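Okay, so here's the structure we're looking at.
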Ligand SMILES: [Cu+2]
């Protein structure tokens, strides 16, 4: 009887956890006090989605936590990269930089590191 109650509690906790984070959704990093911080380390960004407020200028702070590898952030209309909306200065390992991003229209855009295009993700403007 006691064991059955224990299993019931575990199932309840699992169900609550699943409800809090729907399967398949990508959690987007949001700005805090107007600054959206992204860290690059081990040839990867620490988020695959940047959430920016539509119609508002915002700061993206790139923290390069590598020893030496340089990185930047560039934003394009989509993954074809045919239209570039922003290209950030390259920052060396161990340094950080603040990019001033002009207001964007609502929509879904694409970002990457121009040196390492495999470091990329989406930009959700809403
Ligand atoms: Cu890079």
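Residue numbers (the numbering used here): 134 to 259. Idealized CB from N, CA, C, for every residue including glycine. Keep in mind it's a predicted model, so treat the numbers as computed, not measured.
Residues that residue i bridges to, as DSSP identifies them
i	result
residue 185	258
Residue i CB to nearest heavy atom of ligand 1 below 6 Å
i	result
residue 248	yes
Three-way DSSP call (helix, strand, coil) for residue i in this model
i	result
residue 198	coil
residue 218	strand
residue 170	strand
residue 212	coil
Residue-chain proximity (residue i, chain C), Cβ-Cβ < 7 Å
i	result
residue 171	You won't find chain C in this structure, because it holds only one protein chain.
Buried versus exposed call for residue i [16 or more other C-beta atoms within 10 Å across all chains shown]
i	result
residue 166	exposed
residue 171	buried
residue 258	buried
residue 240	exposed
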